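Before any comments, here is the structure.
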Amino acid sequence: MSSDSDNEPIETTSDVTPASTKASPTPEKEIELPKFEKGLADKIVEKFGTRIKVAFVKPDRVRINVGRDDVKEVAAFLRDVLNFDHAESVSGVDYPQDKEIEVVYHLGSYTDSSLSRQILVLATRAQREENPIPGNDATKLPSLREIFYSVEFHEREIFEMFGVYFQGHPDNRRLLLPEDWADLPPLRKDFAIKGR
Amino acid sequence: MNNELPPGLALQKVDERIMTLNVGPQHPGSGHMRIIVQIDGDFIVACDPDPGYVHRGEEKMAEYRNYITNIPHLERPVIHDSCNILYPYVLGVEELLGIEVPERAKYIRVIASELNRCVYTMYWLAIYGIFLGHSTMFMWPAGDRELLIDLLEKMTGARVTHAHFVPGGVRNDLPPNFEDVCLRQVNYFEKRIKEYAAIFYDNPILIARTANTGVLSRQDAIRLGTTGSVLRASGVDYDLRKKEPYDVYDELDVHSNVMKEGDSYARSKIPWLDMLESCNIIRQALQKMPKSGSVRVKLKPNPKGKGLDSVYKRVESGRGSLGCYIVSDGKPEPYRLKLSVGSFRNLIALPYLLKGEKLGNMPAVYWSLNYWPVEADR
């Protein structure tokens, strides 16, 4: 999959500009970055260029932000070339002011001992609807289940908690919520707890 | 999608030979969850775990409370392991707020979390015993567990829900003479659990019931992203206390237990071996701990982060890697808090392991996953 990518036109990620990249300063000048983590980030930048943004490089943690059209390709590269083999955690974060919902994959590796301390944070954003109809609106992302089998239940959870439909996921059903839940997806910011 | 009935309520067109069976959600031993199995005679052909019966919205609640008031409710998902479930949260908050923890507090945390790991594992083992119809194995761990609960009560003031870890250290210093009592109790506890080998782990009936049932290969354990005892029972040596040591684990000699079989027997034996290892860690920590000093940094009221920031911290809990992802936007409350718990991650292996297994083996396979339903639901 990653070998074909050179022929494809390079897309700019201007439509998906994550807020966190604006906030995080480019630390190359003042602080010395951890060497190994910097090397990881450089490998990804070398491959994908401007299509990804390195949000931060901290000890043991590298975060990259990717547009939703590229997320599968980047994930396949992380698995096949950089040896990340499972997802530790997948979280959704709601940003109503940006009209976007962020999905954050925390990837780790069991097989490569040099990566055992590392967590690679892969973040992408989906369009957010004011009046969500989960599954039938524009809040959609490609599923990474084909690449990382371990995201299966995590993505189901995000679908019910945020209304992000994962295209290509074999089993987009409810997981934790009651079967007759008919309210907003509860982890969105506009779903308020009573009395608070 | 929206018109479909949820699983279990929908009529399913299947072969006449195949019957759909709801197991749960009420559960006499642990928390609650439902497993929907399809059986052909005595054999399971498909299995659909349905967690969520005890979902309490911990993550949503955390967005409404500040970093300190989040502590007592975040430990609720697994009260038997309350120190370990708070550990990644506390480490994350410390990184967000830039707090340095005193050396003595780090050791107290390690001792508390190892004691808690044993308390949790004993409870889990007691239920595993009763699941397999071995009632002595229910009584013994339930009784021996009290030894360590007494210790934790002396240390924290509460028997089960300790809320002992706070950003900046631990809530209280150890009571006088704690080290001696702790050493004595832990030594006796170790002697007791060594006897479990004769009654339980070397018991031919247990071996016949659990060996070669629900075999998870090394490759699949990695692919499914399992963690903790499930992963280590399948031959992957990955223990965060060794691989990514937090607090003072890098100063202690930690041995991680690995078995190659990947069956229910190996998965049930690894937590017991871990308890023996915990006793070693506690003894080392008691020896190396500074004898006096501060145990807590004083914080300003309502501490807050420095703007948009995120942190992901993880520890090795009784059920494997427990991660906490905190997004802060500079307010006293977290913007988003996510707990990535071992139970939820190991659940994905259940449909996989039960396929083709006999229905009678279901409890042995299910509970060997070291699964805590309340934690998985959060």
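Protein chains in written order, with the numbering used here: chain A, 1 to 196; chain B, 197 to 574. Glycine is no exception: its CB is placed at the ideal position from the N, C-alpha and C atoms. Predicted model, so just to flag it, every value in this text is computed and none were measured.
The C-beta of Thr50 of chain A has fewer than 16 other C-beta atoms within 10 Å across all chains shown, which makes the residue exposed. The way I'd put it, the segment 472-489 of chain B does touch the segment 293-303 of chain B; three or more beta-carbon pairs between them come closer than 8 Å. Between the segment 167-180 of chain A and the segment 140-159 of chain A, the count of Cβ pairs shorter than 8 Å is three or higher; the stretches touch. Taking Leu321 of chain B as the centre and dropping the five residues before and after it, the same chain places the C-beta of Pro337 closer than 6 Å to its C-beta, in chain order.
With the criterion set as a beta carbon lying under 8 Å from some beta carbon of chain A, the members of the segment 517-551 of chain B are Ser517, Gly519, Tyr521, Val523, Tyr531, Arg532, Lys534, Ser536, Phe540, Arg541, Leu543, Ile544, in sequence order. For the beta strand (DSSP E) assignment, the uninterrupted runs of no fewer than 3 residues enclosed by the segment 89-140 of chain A are, from N- to C-terminal side, 100-108, 119-127. Under the DSSP definition of a beta bridge, Pro245 of chain B partners with B:Ile231. Taking a beta-carbon distance threshold of 8 Å, Lys554 of chain B does not count as an interface residue toward chain A. With a cut-off of 8 Å on Cβ pairs, the segment 395-403 of chain B is not in contact with the segment 544-556 of chain B, counting fewer than three such pairs. By the neighbour-count definition (other C-beta atoms within 10 Å, threshold 16), Met318 of chain B is a buried residue.
Gly339 of chain B sits away from Lys509 of chain B, with the two beta carbons spaced by 8 Å or more. Burial check for Met471 of chain B: the Cβ neighbour count within 10 Å reaches 16 or more, so the residue is buried.
Contact between Asn280 of chain B and Val511 of chain B holds, with the beta-carbon distance rounding to 6 Å and staying under 8 Å. When secondary structure is reduced to three states using DSSP, Asn453 of chain B falls in the coil class, being assigned neither helix nor strand. Put simply, the CB of Tyr434 of chain B is near chain A, with a gap under 8 Å to one of its CB atoms.
Contact annotation for Pro247 of chain B against chain A: Phe153, Leu175, Leu176 [CB-CB distance below 9 Å, chain order]. With contacts defined as CB atoms closer than 8 Å, Gly67 of chain A and Thr124 of chain A qualify as a contacting pair.
At a Cβ-Cβ threshold of 8 Å, Pro247 of chain B and Leu33 of chain A do not count as neighbours. Along the segment 65-91 of chain A, the positions whose C-beta sits under 7 Å from a C-beta of chain B are Asp85, His86, Ala87, Glu88, Ser89, Ser91, read in chain order. Under the DSSP assignment, Ile52 of chain A falls in the beta strand (DSSP E) whose first and last residues are 52-58. A residue is called buried when at least 16 other Cβ atoms come within 10 angstroms of its Cβ; Arg380 of chain B does not meet this threshold and is exposed. Approximately 6 Å separates the beta-carbon atoms of Ile64 of chain A and Leu122 of chain A; this is inside 8 Å, confirming the contact. Within the DSSP secondary-structure output, Asp236 of chain B pairs in a beta bridge with B:Ile214, B:Phe239.
About 12 Å separates the Cβ atoms of Glu349 of chain B and Arg341 of chain B, ruling out a contact at the 8 Å cut-off. A Cβ-Cβ separation of about 7 Å places Ala126 of chain A in contact with Val103 of chain A under the 8 Å criterion. The segment 520-538 of chain B makes contact with the segment 493-510 of chain B, as at least three CB pairs between them are under 8 Å. Nearest Cα to Arg252 of chain B within the set B:Tyr263, B:Gly237, B:His269: B:His269.
For Glu512 of chain B, the enclosing beta strand (DSSP E) starts and ends at 504-513. Residue state for Ser278 of chain B is assigned as helix, using DSSP reduced to three classes. In the three-state reduction of the DSSP assignment, Leu533 of chain B falls in the strand class, which pools E and B. Across the segment 254-277 of chain B, CB contacts with chain A closer than 9 Å involve Glu255, Lys256, Met257, Glu259, Tyr260, in sequence order along the chain. The beta-carbon distance between His276 of chain B and Val250 of chain B, rounded to whole angstroms, is 15 Å. This is too long to meet the 8 Å contact definition. Setting aside the 5 residues that flank it on each side, Lys38 of chain A is surrounded in the same chain by Val57, each with a C-beta closer than 6 Å to its C-beta; the list follows chain order.
Flagged as an interface residue toward chain B: Val121 of chain A, by a C-beta distance shorter than 8 Å. In the assembly as shown, Lys72 of chain A is a buried residue. Its beta-carbon has 16 or more other beta-carbons within 10 Å.
Pairing Glu255 of chain B with Glu473 of chain B, the inter-Cα distance amounts to about 32 Å.
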